[in-house]
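Each number in this note's numbering corresponds to the 1-based position in the sequence shown with 89 added. We put the CB at the ideal spot given by N, CA and C, even for glycine. Since the structure is predicted, the reported quantities are computational estimates derived from the model, not experimental observations. Have a look at the structure below, then the notes.
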Amino acid sequence: MPAPTQPSEIAREVLRLFAARRISPTPDNFRALYYEVAGAPDAEGAFPDKFVRALARQLPRDTAERARIARQLDQALADNNQDTSRQALTDYLASLKTEQPPAWNELIANLLRQWEARQLGWTTARKRESLERVLAANDPATLHARLQALVRSWTQAPVDPEAPAPREPSDAANAPANAPSASAPTPPAGAAPEMRQVAPGEAGELLAARQELLQLALETVLPPLLTEQPELAQEADRLAGSVKTAGNADDLRNIATRMRKFAYRLEMVAGDRAEINAGLLNLLRLLLDNIDQIVVDDSWLSGQIEVLRDVLGKPANVRLIDDAERRLREIIYKQSQLKHNHSEAQRSLKELLAGFVDHLASFAETTGAYHDRIGNCADRISTARDITEISGVLGEVMRETLAMRDAARRSRDELDATRERARDAEERMNELQRQLDEASRLMRHDQLTGVLNRRGLEETFDKEAARARRHGSPLSLALLDLDNFKQLNDTFGHRTGDDALVHLATIIRQSLRPQDTVSRHGGEEFILLYPDTTLEQAQAALVRLQRELTRNFFLTHERKVLITFSAGVTEWNPDDTVESTVQRADEAMYRAKQAGKNKVVAHPVV
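The structure is reproduced here in structure tokens:
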């Protein structure tokens with residue numbers, strides 16, 4: 090037999106030799122077997138990196154322990170850490186050595202004995218059904234464990250040698266419906282009670298009701314869960330059609346067999362989806378960790394990432410995901426703005442530095458020319474024969490010195506101007522950074538009160554309305570208006586009016602549930618959104634909010650001022666838009682004002 094040449098073939102042969110020769114799974118033995126199988130000379134001390142990477146991809150991960158060690162090996166290879174790779178490979182081989190192979194021969198022999206034996210409560214049909222369910226296991230270890238459990242349940246059942254052989258399903262199909270069977274086994278002690286005996290007419294009604302329930306599950310419950318699995322959705326539709334046309338017990342038995350296979354496929358799909366979701370969450374966590382390390386100098390962005398990490402650490406729900414999406418959008422918006430302005434700042438700084446270098450170059454040229462002229466004058470003075478020649482040279486020195494002084498003054502002024510422009514650019518960038526931070530915060534929020542603005546309300550309303558339509562749950566909206574707000578402004582000033590709005594927004598936020606939303610509609614009007622809340626429940630919540638305001642006075646100019654509001658509340662219906670819902674709430678609020686203020690009026694949907 091020729092020696093294997095592919096890494097995967099060599100890997101399988103090496104593992105087989107470890108088990109066959111019963112040798113210790115050390116790195117040296119591993120290297121020796123590797124070169125023995127490959128038929129190549131042993132490169133002493135060399136780490137077979139390429140081979141180990143190929144081997145890591147082929148390693149079975151059929152148990153939790155092996156999967157964990159294999160992940161450690163993958164990480165060590167990715168980090169090029171040979172010591173850790175050797176240790177992980179040694180641990181994996183040790184897990185192979187310590188695990189004893191399952192005793193299939195004994196299990197199969199015991200299975201055949203118990204299959205032929207007659208136990209109370211276990212017919213041949215019931216045994217076959219249980220065995221089919223067990224054989225759906227997708228790995229040998231699970232199959233061995235389930236078969237052991239099945240044989241154990243047969244073994245523990247009481248044996249009745251005198252009982253006749255249990256009827257096969259074909260025999261039962263020919264028997265009259267609901268006829269008592271002499272061979273029907275008695276349930277074992279501790280077993281679940283069988284279905285009670287029913288009259289023939291009642292049995293027909295019960296069978297029809299069960300068929301209707303099964304058809305409802307296949308046609309209504311399952312299809313929304315199988316939108317990404319068209320084959321399973323079609324199979325569910327075919328099963329529903331079979332249930333609808335089933336006319337006898339044989340048809341139902343055939344459907345039951347198909348249903349069991351269908352259930353196994355559903356179980357596998359559910360497991361795959363759970364694994365995919367867990368993998369996506371891990372990828373997102375890795376991405377956040379990477380971004381957090383890259384932007385260590387950006388406290389705003391790092392803070393948002395920390396919030397996202399907290400969200401991922403909680404049990405997932407739709408509202409938490411919506412909140413995470415909103416925060417990510419804000420981060421992306423800020424990054425795009427900062428990238429653009431950072432480029433502009435770099436361009437401005439380049440221009441300033443280029444101008445500064447030009448000034449230095451021109452000043453250096455001026456200084457060099459000055460030194461050359463002064464040196465020339467010094468030579469002329471040293472060779473002068475009388476005072477008249479010296480006086481002319483001194484005049485030239487004075488002129489050059491004055492010119493040099495003027496050039497130095499101009500350079501100094503230009504450098505001062507450049508420094509001032511750089512300082513202005515820095516202040517402008519700092520101000521722009523503050524504006525960007527504020528714009529990011531206020532993109533969906535009101536600047537004065539910090540609650541959502543109209544844009545934020547529209548986004549939240551669309552999501553909550555879609556969720557209410559999907560789940561068939563109630564959704565209520567309230568519009569409240571601060572009473573006597575103009576009088577408050579006229580008496581204490583607009584600053585006090587703004588403080589009163591902030592006070593009202595604070596009390597509202599304190600009284601809301603986590604899933605509720607408050608937004609400023611404009612002026613002194615606020616809109617409250619109550620998911621999963623009926624009209625009566627929302628009206629009661631607004632009355633409680635009025636009581637909270639009576640207990641929390643608004644303080645201004647050393648006086649306690651009682652703030653009240655009038656509110657209209659209505660319930661959303663599937664045909665509504667945000668405008669039509671707010672319009673009904675506004676009409677109800679107007680009636681509350683006319684009724685004497687500090688009232689809550691409901692507007693039922695007609």
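At the level of alpha carbons, what is the spacing between residue 680 and residue 671?
Translated into positions along the sequence shown, residue 680 becomes position 591. Translated into positions along the sequence shown, residue 671 becomes position 582. About 14 Å.
Could you tell me the distance, in whole angstroms, from the CA atom of residue 358 to the CA atom of residue 313?
Here residue 358 refers to the residue found at position 269 of the sequence shown. Here residue 313 refers to the residue found at position 224 of the sequence shown. Near 14 Å, if we compare the C-alpha coordinates of residue 313 and residue 358.
Can you tell me whether residue 546 is buried or exposed? The criterion is at least 16 other CB atoms within 10 Å of its CB, across all chains shown.
On the sequence shown, residue 546 is found 457 positions in, with the first residue counted as 1. It is buried - the Cβ of residue 546 has at least 16 other Cβ atoms within 10 Å.
Could you tell me how far apart the beta carbons of residue 165 and residue 177 are, in whole angstroms, since I believe they sit closer than 8 Å?
Residue 165 sits at position 76 when you count from the first residue of the sequence shown. Residue 177 sits at position 88 when you count from the first residue of the sequence shown. The pair is a contact, with the Cβ atoms about 6 Å apart (cut-off 8 Å).
For the beta strand (DSSP E) holding residue 224, just list the boundary residues, first then last.
Here residue 224 is taken as the residue at index 135 of the sequence shown, counted from 1. Residue 224 -> no beta strand (DSSP E), and no H or E assigned at all.
Whose C-beta lies closer than 6 Å to the C-beta of residue 262 among residues of the same chain, with five residues either side of it excluded?
One-based indexing of the sequence shown puts residue 262 at position 173. Low confidence applies here, because residue 262 scores a pLDDT of 36, under 50, leaving its location unreliable and the question unanswered by this model.
Using a Cβ-Cβ cut-off of 8 Å, state whether residue 574 counts as contacting chain B.
Of the protein chains in this structure there is only one, and it is not chain B.
Can you check which of these residues, 243, 119, 373 and 535, is closest to residue 206 by C-alpha distance?
In the sequence shown, the residue the question calls residue 206 occupies position 117. Answer by Cα proximity: 243.
Give me whichever residues DSSP pairs with residue 632 in a beta bridge.
By one-based count along the sequence shown, residue 632 stands at place 543. Bridge partners of residue 632: none, in fact.
Measure the alpha-carbon distance for residue 303 versus residue 109 and round it to whole angstroms.
One-based indexing of the sequence shown puts residue 303 at position 214. One-based indexing of the sequence shown puts residue 109 at position 20. Cα to Cα, the separation comes out at about 53 Å.
To which residues does DSSP link residue 615 through a beta bridge?
Translated into positions along the sequence shown, residue 615 becomes position 526. According to DSSP, residue pairing for residue 615 in a beta bridge involves 569 and 609.
Within the continuous beta strand (DSSP E) that includes residue 656, where are the two ends?
Position 567 of the sequence shown, counting from 1, holds the residue named residue 656. 654-660 is the extent of the beta strand (DSSP E) around residue 656.
Using DSSP bridges, identify the partner residues of residue 645.
Numbered from its first residue, the sequence shown carries residue 645 at position 556. Looking at the DSSP assignment, residue 645 forms a beta bridge with 648.
Would you identify the three-state DSSP class for residue 273, choosing helix, strand or coil?
Position 184 of the sequence shown, counting from 1, holds the residue named residue 273. Confidence in residue 273 is poor, its pLDDT being 41 and thus under 50, which makes the residue's placement too unreliable to answer from.
From residue 98 to residue 127, what distance separates their C-alpha atoms?
Stepping through the sequence shown from its first residue, residue 98 is reached at position 9. Stepping through the sequence shown from its first residue, residue 127 is reached at position 38. Looking at the two C-alpha atoms, the distance is approximately 10 Å.
Going by the beta-carbon positions, is the gap between residue 162 and residue 96 smaller than 8 Å?
The residue you call residue 162 lines up with position 73 of the sequence shown. The residue you call residue 96 lines up with position 7 of the sequence shown. The answer is no: Cβ separation not under 8 Å.
Are the stretch 639-649 and the stretch 618-628 touching by the rule of at least three beta carbon pairs closer than 8 Å?
no
Would the stretch 652-671 and the stretch 583-598 be scored as touching if the rule is three or more Cβ pairs under 8 Å?
yes
Suppose you measure from the CA of residue 693 to the CA of residue 553; what does that come to, to the nearest Å?
Indexing the sequence shown from 1 puts residue 693 at position 604. Indexing the sequence shown from 1 puts residue 553 at position 464. Going from the Cα of residue 693 to the Cα of residue 553 covers about 19 Å.
Alpha carbon to alpha carbon, what distance is there between residue 481 and residue 489?
Residue numbering aside, residue 489 sits at position 400 when the sequence shown is read from its first letter. Residue numbering aside, residue 481 sits at position 392 when the sequence shown is read from its first letter. Distance between the alpha carbons of residue 489 and residue 481 is about 13 Å.
What residue from 507, 568 and 462 has the CA that sits closest to residue 543's CA?
For the purposes of this step, residue 543 is identified with residue 454 of the sequence shown, where counting begins at 1. Among 507, 568 and 462, the Cα nearest to that of residue 543 is on 568.
Going along the chain, which residues of its own chain have a beta-carbon closer than 8 Å to the beta-carbon of residue 197, five neighbours each way excluded?
In the sequence shown, the residue the question calls residue 197 occupies position 108. The answer is none, since no qualifying residue turns up.
What would DSSP say about residue 564, mapped onto helix, strand or coil?
For this step, residue 564 is matched to residue 475 along the sequence shown. The answer is strand: DSSP assigns residue 564 an E or B state.
So residue 123 and residue 155 are in contact, right, with Cβ under 8 Å, and what is the actual spacing, rounded?
Position 34 of the sequence shown, counted from the start, is the residue given in the question as residue 123. Position 66 of the sequence shown, counted from the start, is the residue given in the question as residue 155. Contact between residue 123 and residue 155 does not hold, since the beta-carbon distance rounds to 20 Å and is not under 8 Å.
Where does residue 37 fall in DSSP's three states?
Here the chain covers residues 90 to 695 and nothing more, so residue 37 does not appear.
How many angstroms separate the CA atom of residue 584 from the CA atom of residue 564?
Residue numbering aside, residue 584 sits at position 495 when the sequence shown is read from its first letter. Residue numbering aside, residue 564 sits at position 475 when the sequence shown is read from its first letter. Distance between the alpha carbons of residue 584 and residue 564 is about 35 Å.
Taking buried to mean at least 16 other C-beta atoms within 10 Å of its own C-beta, is residue 193 buried or exposed?
Within the sequence shown, the letter at position 104 stands for residue 193. Around the CB of residue 193, fewer than 16 other CB atoms lie within 10 Å, so the residue is classed as exposed.
Leaving out five residues before and five after residue 271 in sequence, what residues of the same chain have Cβ atoms less than 6 Å from its Cβ?
The residue labelled residue 271 in the question sits at position 182 within the sequence shown. Its pLDDT being 38, under 50, residue 271 is placed unreliably in this model, and the value from its coordinates should be taken loosely. Taken in chain order, the list of residues that qualify is empty.
Could you tell me which residues DSSP pairs with residue 620 in its beta bridges?
Residue mapping note: residue 620 aligns to position 531 of the sequence shown, counting from 1. DSSP output for residue 620 lists 564 as bridge partner(s).
Using DSSP with H/G/I as helix, E/B as strand and the rest coil, what is residue 690?
Counting from 1 along the sequence shown, the entry for residue 690 is found at position 601. In this structure, residue 690 counts as strand in the three-state DSSP scheme.
Give me the DSSP bridge partner(s) of residue 541.
As a working note, residue 541 is residue 452 in the sequence shown. Per DSSP, 534 and 608.
Check for me: the alpha helix (DSSP H) holding residue 113 runs from which residue to which?
As a position in the sequence shown, residue 113 is number 24, starting the count at 1. It is not in any alpha helix (DSSP H) - residue 113 carries neither H nor E in the DSSP assignment.
By how many angstroms is the C-alpha of residue 370 removed from the C-alpha of residue 308?
Residue 308 sits at position 219 when you count from the first residue of the sequence shown. Residue 370 sits at position 281 when you count from the first residue of the sequence shown. Going by the C-alpha atoms only, they are around 32 Å apart.
Where residue 466 and residue 506 are concerned, what is the direct C-alpha to C-alpha distance, given to the nearest angstrom?
Position 377 of the sequence shown, counted from the start, is the residue given in the question as residue 466. Position 417 of the sequence shown, counted from the start, is the residue given in the question as residue 506. For residue 466 and residue 506, the distance between alpha carbons rounds to 35 Å.
To test your reading of the DSSP string, which unbroken alpha helix (DSSP H) runs of 4 or more residues are found completely within the stretch 301-353?
319-334
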